[in-house]
Amino acid sequence: AGLSTQPIWRKLWDDVMKTRPPNSESITCWRKKFLETFFSNVLHGVLDVSSDWRLNDRHFSPLLHSSPHVSQLTLCNMLQGVVELTAEHNQKVLENLAGSLRILKFQHLLSSDPSIRHLLVSLLHRLIHHGSVSQVSMYSWPVPDTVLLVLILSTSAGFWRSGNALVYHSSPCGLCREEHEARSQEAAQERAERSDGENPKGSSRALEEADMDVNGYGADACLNSALSRSRSPPLHNQVREEADSKVPCDHANIQGGSPPHSISDQLPCHPVLRKTPRRLKTAVGKKRRCLRRSRAACADPEDLYDFVFTVAREDNSGLLDKNSATRGENTETWSSSSPGSPCTGHAGCKKRGESGGISSLKAPHRFRSVSTLELFSIPLTGETCRTLSNLLSSWVSLENLVLSYNGLGANISCILSGLRALSRHSGCRLRVLRVSDVFSHVPCVELVRGVLSACPQLRTLSVSFDLKSQPDRSRPEGSASCGEAEIPESCLEQLEIRFPREPLHTTFLLPVLKASKSLQQLSLDSATLPCSQELGFLLETLKECNPNLKKLSFHDVNLAEHQKEVLLLLQDPVLQEITFSFCRLFESSTSEFLLEIVNTVKRNSSLKSLKLPGNRLGNHRLVALADIFAEDSSSSLCQLDVSSNCIKPDGLLEFTKKLEGHIQQRGGQIQFTHLRLFQNWLDQDAETAQEALRRLKAVCSVVNDSWDSSQAFADYISVM
Numbered sequence: 001a002g003l004s005t006q007p008i009w010r011k012l013w014d015d016v017m018k019t020r021p022p023n024s025e026s027i028t029c030w031r032k033k034f035l036e037t038f039f040s041n042v043l044h045g046v047l048d049v050s051s052d053w054r055l056n057d058r059h060f061s062p063l064l065h066s067s068p069h070v071s072q073l074t075l076c077n078m079l080q081g082v083v084e085l086t087a088e089h090n091q092k093v094l095e096n097l098a099g100s101l102r103i104l105k106f107q108h109l110l111s112s113d114p115s116i117r118h119l120l121v122s123l124l125h126r127l128i129h130h131g132s133v134s135q136v137s138m139y140s141w142p143v144p145d146t147v148l149l150v151l152i153l154s155t156s157a158g159f160w161r162s163g164n165a166l167v168y169h170s171s172p173c174g175l176c177r178e179e180h181e182a183r184s185q186e187a188a189q190e191r192a193e194r195s196d197g198e199n200p201k202g203s204s205r206a207l208e209e210a211d212m213d214v215n216g217y218g219a220d221a222c223l224n225s226a227l228s229r230s231r232s233p234p235l236h237n238q239v240r241e242e243a244d245s246k247v248p249c250d251h252a253n254i255q256g257g258s259p260p261h262s263i264s265d266q267l268p269c270h271p272v273l274r275k276t277p278r279r280l281k282t283a284v285g286k287k288r289r290c291l292r293r294s295r296a297a298c299a300d301p302e303d304l305y306d307f308v309f310t311v312a313r314e315d316n317s318g319l320l321d322k323n324s325a326t327r328g329e330n331t332e333t334w335s336s337s338s339p340g341s342p343c344t345g346h347a348g349c350k351k352r353g354e355s356g357g358i359s360s361l362k363a364p365h366r367f368r369s370v371s372t373l374e375l376f377s378i379p380l381t382g383e384t385c386r387t388l389s390n391l392l393s394s395w396v397s398l399e400n401l402v403l404s405y406n407g408l409g410a411n412i413s414c415i416l417s418g419l420r421a422l423s424r425h426s427g428c429r430l431r432v433l434r435v436s437d438v439f440s441h442v443p444c445v446e447l448v449r450g451v452l453s454a455c456p457q458l459r460t461l462s463v464s465f466d467l468k469s470q471p472d473r474s475r476p477e478g479s480a481s482c483g484e485a486e487i488p489e490s491c492l493e494q495l496e497i498r499f500p501r502e503p504l505h506t507t508f509l510l511p512v513l514k515a516s517k518s519l520q521q522l523s524l525d526s527a528t529l530p531c532s533q534e535l536g537f538l539l540e541t542l543k544e545c546n547p548n549l550k551k552l553s554f555h556d557v558n559l560a561e562h563q564k565e566v567l568l569l570l571q572d573p574v575l576q577e578i579t580f581s582f583c584r585l586f587e588s589s590t591s592e593f594l595l596e597i598v599n600t601v602k603r604n605s606s607l608k609s610l611k612l613p614g615n616r617l618g619n620h621r622l623v624a625l626a627d628i629f630a631e632d633s634s635s636s637l638c639q640l641d642v643s644s645n646c647i648k649p650d651g652l653l654e655f656t657k658k659l660e661g662h663i664q665q666r667g668g669q670i671q672f673t674h675l676r677l678f679q680n681w682l683d684q685d686a687e688t689a690q691e692a693l694r695r696l697k698a699v700c701s702v703v704n705d706s707w708d709s710s711q712a713f714a715d716y717i718s719v720m
């Protein structure tokens with residue numbers, strides 16, 4: 001007791017894994033790291049347990065013993081691990097994962113056969129709908145299998161169907177059946193008691209109807225089964241034909257609380273998906289045959305894909321209301337239960353028109369859904385974007401959405417339409433949105449305005465693009481410019497914009513800042529300032545409209561001709577962290593400018609962190625910065641970043657000696673705690689560098705690296 005077991009687990013890693021773990025310095029718990037990696041390696045066949053005598057025991061189950069400690073799991077390539085996890089002998093393993101797993105990742109996926117997809121549906125249903133997975137991330141899928149991609153997205157959003165069955169009594173999931181039966185019995189008892197109190201003669205009839213519901217003979221069962229049976233063939237072949245289409249979808253005209261429009265207004269019109277009222281009416285009316293077909297239905301692993309496109313349209317088409325009204329049947333539909341909660345059976349149902357906002361996929365029961373979705377380097381076609389938009393429109397449990405290098409182009413407007421519909425839900429939890437890509441369809445600031453107009457409740461927004469926007473920038477017909485949207489007062493606290501070398505026109509950015517009264521962090525990257533007044537306008541707006549701004553960052557923005565504005569920022573009494581990264585601060589400056597910077601920081605008691613990487617400080621400017629901590633200074637600076645500043649060992653040693661002198665004069669009272677020295681020329685004199693670092697570490701925490709400056713210079717020359 002009281003002794004750390006970390007060294008033991010570290011040695012086990014060396015003995016069993018026989019590899020060096022990446023980023024080993026950042027590993028805080030070797031026990032967790034070992035058991036998670038051990039589980040993954042055994043699952044994917046990377047580690048052979050028979051090769052180690054300690055593990056080669058027939059009474060030892062590697063997956064079973066390590067599964068309770070797995071909080072993150074990656075499935076890759078042909079989804080080989082899915083078959084093993086869903087095997088009958090690993091049922092206990094799956095139960096353990098359902099309680100421990102929080103993050104599920106898919107990486108380098110390839111097309112898989114239908115049987116694997118069917119097993120994946122069951123696995124996702126157990127881990128997400130009846131488990132604890134809160135984050136789904138997908139990485140590096142250059143040519144995604146549309147069916148598989150939509151399957152993962154839909155299941156993550158809380159939708160699931162086992163084969164053709166929408167009803168619980170025919171579901172292969174025992175948890176669904178148990179919950180449904182328990183809740184149905186409760187509802188039946190309540191109806192019987194209520195009916196008995198109002199009309200004693202009708203109580204027996206109420207009990208019969210309740211029994212029908214419990215056993216799957218109710219109107220909902222027949223209706224759902226009819227919808228399942230009358231579905232058209234899968235749509236994925238048509239999706240591939242329309243891979244390059246850029247058709248917008250717009251939920252913007254749907255007001256909260258009003259009956260939702262037909263989803264056919266939002267999706268493309270495919271004739272094969274159309275159904276006549278006469279055909280649907282016949283299907284709804286034949287209850288007994290409906291039930292028999294539902295029970296005999298075979299599992300089709302591609303059902304979920306075309307279900308996204310077909311059942312939702314049927315549910316919103318208005319035909320159900322018309323036909324059911326003539327028969328006097330119950331028109332309740334499976335609706336979303338409380339966001340993020342497990343399935344609740346009939347208790348979660350609502351009648352049409354009661355739910356606020358849009359519910360694009362109301363036909364099935366809505367299960368528990370994840371709160372974080374991340375898509376990295378996965379091209380999204382127009383059809384896939386429309387599917388994702390429809391899922392997003394009612395994904396109320398979603399808190400974090402990351403779309404990175406998906407080639408959205410003009411389809412970004414489709415995603416915004418789904419987010420706009422989502423934001424109208426009273427239970428919307430979306431707080432973080434990050435969008436990055438190679439090309440932007442609209443200018444960065446215009447996109448920011450469109451996002452905030454659609455989702456004013458966002459707390460963090462990051463927009464990042466690598467290259468200048470494509471020259472055509474053609475918009476689909478009827479789609480409005482993002483920048484034309486009026487910006488309501490937002491809850492934004494953190495805003496990050498990386499411009500693809502676009503001019504920073506403050507005329508467009510100022511309305512965003514004025515609407516973001518709660519802004520605390522602002523980061524502007526790779527922007528160009530068209531004139532000297534632009535930065536002044538920006539700083540003036542920040543001072544007037546953003547009194548809570550604590551962190552301000554400029555990266556790769558040429559500030560060589562904006563010395564006055566730089567000094568104004570450094571004397572701001574509210575800012576606590578300022579970053580000038582690769583901003584050419586001293587490219588055309590004099591020694592007086594550096595002295596003004598030092599004196600300004602010395603008088604600022606609110607500034608805690610100053611980051612100056614990549615500004616060519618050199619030795620003499622670094623030594624001058626030590627005066628920030630002089631005896632007459634009122635500075636509260638705790639962190640200083642001087643990475644990538646051509647600093648040599650002798651300059652660092654001189655800085656250290658000067659800093660030690662100031663500390664001694666102040667009687668050891670100094671708040672300076674962190675110094676960052678990445679990618680400087682400290683390898684040119686190893687002995688002097690080691691002495692400087694040794695003396696510095698007695699004063700503060702020093703973070704540096706073993707950087708080869710000669711190789712870096714050679715690389716720089718080679719790409720010139």
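All the letters of the sequence shown, read from the start, carry residue numbers 1 to 720 under the working numbering. Just so you know, even glycine gets a beta-carbon here, dropped at the ideal spot from N, CA and C. Note that this is a predicted model, so its numbers are computed, not measured.
Beta-carbon gap between leucine 79 and leucine 120 smaller than 8 Å: In the sequence shown, counting from the first residue as 1, residue 79 sits at position 79. In the sequence shown, counting from the first residue as 1, residue 120 sits at position 120. Result yes, Cβ atoms of leucine 79 and leucine 120 sit closer than 8 Å.
As assigned by DSSP and simplified to three states, the class of glutamate 489: Reading the sequence shown from its first residue, position 489 is the one you call residue 489. Three-state DSSP puts glutamate 489 in coil, outside helix and strand.
Boundaries (first-last residue) of the beta strand (DSSP E) holding leucine 461: By 1-based counting over the sequence shown, the position of residue 461 is 461. It spans 460–465 - the beta strand (DSSP E) in which leucine 461 sits, taken as one unbroken run.
Euclidean distance between Cα positions of isoleucine 578 and leucine 610: Start at 1 with the first residue of the sequence shown, and residue 578 comes out as number 578. Start at 1 with the first residue of the sequence shown, and residue 610 comes out as number 610. The alpha-carbon atoms of isoleucine 578 and leucine 610 are separated by roughly 5 Å.
Cβ-Cβ distance between valine 375 and methionine 138 below 8 Å: Counting from one through the sequence shown, the residue named residue 375 turns up at place 375. Counting from one through the sequence shown, the residue named residue 138 turns up at place 138. This sequence places leucine at residue 375; valine is not what is there. A contact, by the Cβ cut-off of 8 Å.
Residue from Ser709, Thr384 and Asp705 whose Cα sits closest to the Cα of glutamate 25: As a first step, residue 25 is located in the sequence shown; it is residue number 25 there, counting from the start. Among Ser709, Thr384 and Asp705, the Cα nearest to that of glutamate 25 belongs to Asp705.
When Arg666, Phe508, Arg459 and Phe439 are compared against cysteine 428, the one with the closest alpha-carbon: In the sequence shown, counting from the first residue as 1, residue 428 sits at position 428. It is Arg459.
One or two residues paired with tyrosine 139 in a DSSP bridge: Residue numbering aside, residue 139 sits at position 139 when the sequence shown is read from its first letter. Beta-bridge pairing links tyrosine 139 to Gln107 and Phe376.
Own chain, CB closer than 6 Å to valine 445, minus 5 neighbours either side, in chain order: Taking the sequence shown and counting its residues from 1, one reaches residue 445 at position 445. Close CB contacts of valine 445 within its chain, under the 6 Å cut and outside five residues either way in sequence, are with Phe508 and Leu509 (chain order).
Backbone CA spacing between alanine 626 and asparagine 548 [nearest angstrom]: Looking up residue 626 in the sequence shown gives position 626. Looking up residue 548 in the sequence shown gives position 548. Their Cα atoms are separated by approximately 29 Å.
Residue span of the alpha helix (DSSP H) that contains leucine 525, given as start and end: Counted from its first residue, the sequence shown places residue 525 at position 525. Looking at the sequence itself, residue 525 is aspartate, so the reference to leucine does not match. Premise fails: aspartate 525 lies in the beta strand (DSSP E), 521–525, not in any alpha helix (DSSP H).
Buried/exposed call for asparagine 411, threshold 16 Cβ in 10 Å: Within the sequence shown, the letter at position 411 stands for residue 411. Buried: at least 16 other Cβ atoms inside 10 Å.
Collapsed DSSP secondary structure at histidine 555 in the structure displayed: Counted from its first residue, the sequence shown places residue 555 at position 555. Assignment of histidine 555 by DSSP, reduced to helix, strand and coil, places it in the strand class.
Bridge-paired residues (DSSP) for cysteine 76: By one-based count along the sequence shown, residue 76 stands at place 76. DSSP lists Gln107 as partners of cysteine 76.
Nearest-angstrom Cα separation, counted from asparagine 400 out to serine 436: For the purposes of this step, residue 436 is taken as residue 436 along the sequence shown, with counting starting at 1. For the purposes of this step, residue 400 is taken as residue 400 along the sequence shown, with counting starting at 1. Approximately 14 Å between the Cα atoms of the pair.
Residue closest to valine 451, alpha-carbon to alpha-carbon, out of Ala515, Leu391 and Pro503: One-based indexing of the sequence shown puts residue 451 at position 451. Taking only the C-alpha atoms, the option nearest valine 451 is Ala515.
For leucine 721: DSSP bridge partner residues: Outside the modelled stretch of the chain, which goes from 1 to 720, sits residue 721, for which no answer is possible.
At least 3 beta-carbon pairs within less than 8 Å: the stretch 64–80 vs the stretch 101–118: yes
Buried or exposed (CB count within 10 angstroms, at least 16 for buried), tyrosine 305: The count along the sequence shown starts at 1 and reaches residue 305 at position 305. Any reading at tyrosine 305 must be qualified, since the residue scores a pLDDT of 41, below 50, and its modelled position is unreliable; the value itself is stated next. Buried: at least 16 other Cβ atoms inside 10 Å.
Counted within 10 angstroms of its Cβ, other Cβ atoms place cysteine 222 as buried (16 or more) or exposed: Within the sequence shown, numbered from 1, the residue matching residue 222 stands at position 222. Confidence at cysteine 222 is low in this model, with a pLDDT of 36, below 50, so the placement of that residue is unreliable and no value is reported for it.
Sub-8 Å separation of glutamate 561 and serine 532 beta-carbons: As a working mapping, residue 561 is identified with position 561 in the sequence shown. As a working mapping, residue 532 is identified with position 532 in the sequence shown. A contact, by the Cβ cut-off of 8 Å.
Residue closest to aspartate 709, alpha-carbon to alpha-carbon, out of Phe672, Glu691 and Asn645: Within the sequence shown, the letter at position 709 stands for residue 709. According to the sequence as given, residue 709 is serine; it is not aspartate. Comparing Cα-Cα distances from serine 709 to each of Phe672, Glu691 and Asn645, the minimum goes to Asn645.
Backbone CA spacing between leucine 535 and leucine 64 [nearest angstrom]: On the sequence shown, position 535 is the one that residue 535 refers to. On the sequence shown, position 64 is the one that residue 64 refers to. Approximately 60 Å, taken between the alpha carbons.
Touching by the beta-carbon criterion (3+ pairs, under 8 Å), the stretch 695–704 and the stretch 644–661: Contact annotation: the stretch 695–704 touches the stretch 644–661, with at least three C-beta pairs closer than 8 Å.
Inter-residue spacing [alpha-carbon to alpha-carbon] between valine 70 and leucine 47: Translated into positions along the sequence shown, residue 70 becomes position 70. Translated into positions along the sequence shown, residue 47 becomes position 47. Their backbone Cα atoms lie some 17 Å apart in a straight line.
Rounded C-alpha distance that separates cysteine 638 from phenylalanine 554: Counted from its first residue, the sequence shown places residue 638 at position 638. Counted from its first residue, the sequence shown places residue 554 at position 554. Approximately 20 Å between the Cα atoms of the pair.
Uninterrupted alpha helix (DSSP H) stretches inside the stretch 684–715 (no shorter than 4 residues): 686–697
Arginine 368 (DSSP reduced to helix, strand or coil): Locating residue 368 in the sequence shown gives position 368, counting from the first residue. If DSSP states are grouped into helix, strand and coil, arginine 368 belongs with coil.
Contact set for aspartate 685: own chain, Cβ-Cβ below 8 Å, skip 5 residues either direction: By 1-based counting over the sequence shown, the position of residue 685 is 685. Result list for aspartate 685: Lys648, Pro649 and Asp650, in chain order.
Nearest-angstrom Cβ-Cβ length linking leucine 422 and serine 394, presumed shorter than 8 Å: The residue you call residue 422 lines up with position 422 of the sequence shown. The residue you call residue 394 lines up with position 394 of the sequence shown. Correct: roughly 7 Å between the Cβ atoms.
Exposure of isoleucine 597, with buried meaning 16 or more beta-carbon neighbours within 10 Å: Within the sequence shown, residue 597 is the residue found at index 597, counting from 1. With 16 or more Cβ atoms within 10 Å of its Cβ, isoleucine 597 is classed as buried.
Three-state secondary structure assigned by DSSP to glutamate 496: Working through the sequence shown from its first residue, we reach residue 496 at position 496. Three-state result, glutamate 496: strand.
Per DSSP, the bridge partner or partners of threonine 528: The residue labelled residue 528 in the question sits at position 528 within the sequence shown. Paired residue(s): Pro503.
Nearest-angstrom Cα separation, counted from serine 4 out to leucine 552: As a first step, residue 552 must be located in the sequence shown, where it is residue number 552. As a first step, residue 4 must be located in the sequence shown, where it is residue number 4. Straight-line Cα distance between these residues: approximately 41 Å.
8 Å Cβ cutoff met for threonine 744 and lysine 32: Only positions 1 to 720 of the chain appear in the structure, and residue 744 is not among them; the question remains open.
Simplified DSSP state of valine 574, which is helix, strand or coil: The residue you call residue 574 lines up with position 574 of the sequence shown. Valine 574: coil per DSSP, three-state reduction.
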